[in-house]
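Respectively, the protein sequence lines represent chains P and A.
First residue of the first sequence? That's 0 in numbering that gives the first Met the number 0, and the numbers climb one at a time after it.
First residue of the second sequence? That's 0 in numbering that gives the first Met the number 0, and the numbers climb one at a time after it.
Accompanying notes for the structure given below.
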Amino acid sequence: MLAKRIIPCLDIKNGRVVKGTKFLNLKDAGDPVELAKYYNKEGADELCFLDITASHEERKIIIEIVEAVAREVFIPFTVGGGISSTGQMKDILRAGADKITISTSAVKNPNLIKEGAVLFGSQCIVLAIDAKKQRAEKWEVYVKGGRENTGLDAIEWVKKAVGLGAGEILLTSMDADGTKTGYDMELTKKIVEAVSVPVIASGGAGKIQDITDVFKKTNCSAALLASILHYKDVSIREIKEEMRKEELSVRI
Amino acid sequence: MKKQVSLIDFGAGNLHSVYKALKFIDVDAEITKDIGVIEKSDAVVFPGVGAFGAVMSAIKKNNLQDVIIKSARGLKPFLGICVGMQVLFEDSEENLEEKGLGIFKGKVVRFKKAKTIPHIGWNDSNGKKYYFVHSYYVIPEDKNIIYAETEYDGENFTSVIKKDNLLAVQFHPEKSGDAGLELLKEFFV
C-alpha cells in the first residue's frame, strides 16, 4: 500500500540550515548535507529545502547545496523559495533536485506552472499555497510569506493550478501554522477533494497525534514538518511508529 | 574488475540522479549516447522520466533505438527505469502516435481506478518499499516476465519485469534510499 509520507522541511539561509538544529547530535548541525543525511537515516520519505536567502548572488549557494545533497542522499527532495523562471527551475533540477515548489511567482504568472510542467513534467512542479480563512467555507491565497492577500479563492486557485499542470499541492493553513494545535482539517479536506493530485498538509502540528489525525481525517498524501521536528523532542521514527499503531500505511 | 556501466543519454531528466547513485555504490558508470561505448560496456542502464512520446522521439533523434533493442535482448545486464521500462513495450495510452520499442508485447495504460494521480510515493514491490512517480504502467502480454506487482488504490499493476539479463522497474531505485541502492548493488556489483 502507498505509504503516507513524512517530509521534514529545512530553511536555508546563506547556505546554512537555520532554526532548530540544537537537538541534533551532529558535528555540524547547520550543514544541509549533514542534516539531509540525518533525516534520511531517521526515515524521512522526502526532504524539502526552503531557500530564504534574500540576495541574488547567494542563490548560487543553493545550487551547490542541491548538488552536494544529491551526491549523498538518495531520496526525493524538493527545493523552493523565490523561484520565478523556468531557467531557475532547470538549474535546480539539473543540480539534482526532484521537484520545485512555487508560490508567489505562480500567482503572479500562472503560466509558469504550465511552462514548468511542459518542460520538466508535472511531477516536478509543486504548487505551494498559503491559505487563510475569510469566513465560513472561504479561504484566500496569501503570498510573499503570508504578508499579502491576493484575494484569490484557495479552492479555485488550486483547481486552476492543477489544470495548468501542477503535480502536487503543498498546502499551508495560515490559521493553523504556528499554533501547534493541529492541522486545519476543514481546509485540508476541501483542497484534497478539489484536486486529483496529491496534497501535502502543512502547518499546525504540535504533537504526534496531530499528524496521525490529519492522515485519518483527510485524504492528504503527506505531512510537511518543521518546528515539531526542529524544536520538539519528537523524532520521525516516533511519528512513524505511532502511525503504524494507528494502522496508517507507513514506510519504516 | 569494476563493471563498466553505460547510462544511455537521450536527455532524460533523472539521468544524473541515476549516475550519482551508481557512483555512490562505486560502479564505474558513464553517461553516453555513443553506440560504440554502449556496445562495449558490461551493463546498460536505460533511465527515463517524462512523457512516453517525448522519450521515444528523443531516442529516435539520437538514433539509439537499435542499440537499446540489441542491449535489451543481449546477454549483458540491462536495467530499465520508469519510462525506460514503459518504452520497451509496443504502445502507450499516453501517446497514440508514437510507438514504443516493442521489445515486449503489451501496452502502457493509465491508472483507471485511482482517485489521486500521479501515483507518487513509497509503495511495495517484492516486499520492500520503493519510490514511485507515474501515471501509467505496463501490461505485458507474456505474464511470465512479471516479476513483481504493486497495488495502488485498488488497482494492481506490474512494477518489475524480468527476463534473462533484463530487469525493468516502474519505481526509481536511485531515489528509493537504502532499498534502491541495494537493488542497484545486486544488479551491478
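By construction, the Cβ of each residue, glycine as well, lies at the ideal position given by its N, Cα and C atoms.
For residue i and residue j, what's the separation of their Cα atoms in angstroms?
i	j	result
Leu-95 (chain A)	Gln-169 (chain A)	20 Å
Phe-156 (chain A)	Ala-96 (chain P)	27 Å
Tyr-129 (chain A)	Leu-163 (chain P)	28 Å
Ala-67 (chain P)	Lys-137 (chain P)	42 Å
Ile-58 (chain A)	Gly-86 (chain P)	24 Å
Ala-25 (chain A)	Val-17 (chain A)	First, the amino acid is wrong: residue 25 (chain A) is Asp here, not Ala. If you take the alpha carbons of Asp-25 (chain A) and Val-17 (chain A), they lie about 12 Å apart.
Val-137 (chain A)	Phe-88 (chain A)	8 Å
Ile-68 (chain A)	Ile-102 (chain A)	7 Å
Glu-173 (chain A)	Met-55 (chain A)	22 Å
Pro-46 (chain A)	Lys-39 (chain A)	19 Å
Gly-83 (chain A)	Val-48 (chain A)	8 Å
Phe-186 (chain A)	Glu-147 (chain P)	52 Å
Pro-197 (chain P)	Asp-152 (chain A)	13 Å
Lys-75 (chain A)	Val-44 (chain A)	11 Å
Leu-228 (chain P)	Glu-139 (chain P)	28 Å
Ile-154 (chain P)	Lys-162 (chain A)	47 Å
Ala-147 (chain A)	Asn-122 (chain A)	12 Å
Arg-15 (chain P)	Gly-150 (chain P)	34 Å
Lys-107 (chain P)	Asn-218 (chain P)	29 Å
Gly-181 (chain P)	Leu-34 (chain P)	25 Å
Arg-243 (chain P)	Leu-49 (chain P)	29 Å
Ile-91 (chain A)	Gln-64 (chain A)	One point to set straight first is that residue 91 (chain A) is Ser, not Ile, in the sequence displayed. Each residue's Cα considered, the two are about 17 Å apart.
Does residue i pass the burial test, meaning 16 or more other C-beta atoms within 10 Å, or should it be called exposed?
i	result
Gly-126 (chain A)	exposed
Ser-175 (chain A)	buried
Ala-135 (chain P)	exposed
Asn-143 (chain A)	exposed
Lys-112 (chain A)	exposed
Gly-79 (chain A)	buried
Thr-149 (chain A)	buried
Val-86 (chain A)	buried
Asn-13 (chain P)	exposed
Under 8 Å Cβ to Cβ from residue i, same chain only, skipping five residues before and after it: list those, please.
i	result
Ser-102 (chain P)	Gly-79, Leu-126, Ala-127, Ile-128, Asp-129, Val-142
So residue i contacts chain D; which residues on that side make the cut at Cβ distance below 7 Å?
i	result
Tyr-151 (chain A)	This model lacks chain D altogether, as its protein chains are P and A.
Over what stretch of residues does the alpha helix (DSSP H) that includes residue i continue unbroken?
i	result
His-229 (chain P)	226–229
Leu-21 (chain A)	14–23
Leu-186 (chain P)	184–193
Asp-90 (chain P)	85–93
Ala-35 (chain P)	31–41
Ala-42 (chain A)	Run containing Ala-42 (chain A): none in the alpha helix (DSSP H); it sits in the beta strand (DSSP E), 42–45.
Ala-116 (chain P)	110–119
Phe-51 (chain A)	51–60
Gly-202 (chain P)	It is not in any alpha helix (DSSP H) - Gly-202 (chain P) carries neither H nor E in the DSSP assignment.
Leu-183 (chain A)	176–187
Thr-217 (chain P)	Counting along the chain, Thr-217 (chain P) falls outside any alpha helix (DSSP H), and DSSP gives it neither H nor E.
What residues in its chain sit with their C-beta under 7 Å from that of residue i, if we drop five residues either side in the sequence?
i	result
Ile-207 (chain P)	Val-233, Glu-237, Ile-238, Glu-241
Pro-117 (chain A)	Val-132, His-133, Ser-134
Ser-104 (chain P)	Ile-82, Ser-83, Leu-111
Ile-113 (chain P)	What sits at residue 113 (chain P) in the sequence shown is Lys, not Ile. Hits under 7 Å: Leu-163, Gly-164.
Would you mind reading off the limits of the beta strand (DSSP E) that contains residue i?
i	result
Ser-172 (chain P)	167–172
Val-36 (chain A)	Careful: Val-36 (chain A) lies outside any beta strand (DSSP E), inside the alpha helix (DSSP H) at 34–39.
Asp-50 (chain P)	46–50
Ile-6 (chain P)	4–12
Residues in the same chain with beta-carbon distance under 6 Å from residue i, minus the five sequence neighbours each way, listed in chain order, please.
i	result
Ser-121 (chain P)	Gly-164, Gly-166
Trp-156 (chain P)	Val-140
Where in the segment 82–124 of chain A do unbroken runs of the alpha helix (DSSP H), each at least 4 residues long, occur, reported from the N-terminal end onward? 82–85
Could you give the uninterrupted runs of the beta strand (DSSP E) lying entirely in the segment 128–153 of chain P, keeping only those of 3 residues or more? 137–142, 147–152
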